[in-house]
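In UniProt numbering, the protein residues as written are 1 to 140.
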């Protein structure tokens, strides 16, 4: 009886650690394949990147545009996809990032100028006196 219990426990562990996660991955991949559309970016299982040019439901194939070259693949050969960016948010994010980098560069330049001005040496009666230091002649 205890041997049967061990087989049942072992089978349950196998199900939760191996079979269930694999089924979830298969479902996610199936959903991804069914939700892709023309204009989306796709990567094949071989690592080829391209834009979906055409989807043929009858032949179950996908035509990818890889920098002007049209290649036909089985639908199952697509490893992952990324939705097209119709609103141009990727370009907007890049513009915002560039503006932020330019502003940070300007602020760094202003800070450098201010520190250089603060470190300037003032010559007075042949003696070097830094700003904020007491003038040796004032002590007399």
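No residue lacks a Cβ here, since even glycine has one placed at the ideal position from N, Cα and C.
Asked, Found
"Where residue 70 falls, given that 16 or more other Cβ within 10 Å makes a residue buried", "exposed"
"Under the three-state DSSP convention, the category residue 62 falls into", "strand"
"C-alpha gap between residue 14 and residue 26, whole angstroms", "17 Å"
"Among 31, 28 and 72, nearest to residue 48 - alpha-carbon criterion", "72"
"Three-state secondary structure assigned by DSSP to residue 20", "helix"
"Beta-carbon gap between residue 79 and residue 113 smaller than 7 Å", "no"
"Helix, strand or coil at residue 56 [DSSP, three-state]", "strand"
"Buried versus exposed, by CB contacts within 10 Å (16 or more), residue 18", "exposed"
"Selection from 53, 75 and 50 that minimises the alpha carbon distance to residue 59", "75"
"C-alpha distance - residue 82 paired with residue 5, whole-angstrom precision", "46 Å"
"Segment limits, beta strand (DSSP E) that includes residue 4", "Not the beta strand (DSSP E): residue 4 falls in the alpha helix (DSSP H), residues 2-14."
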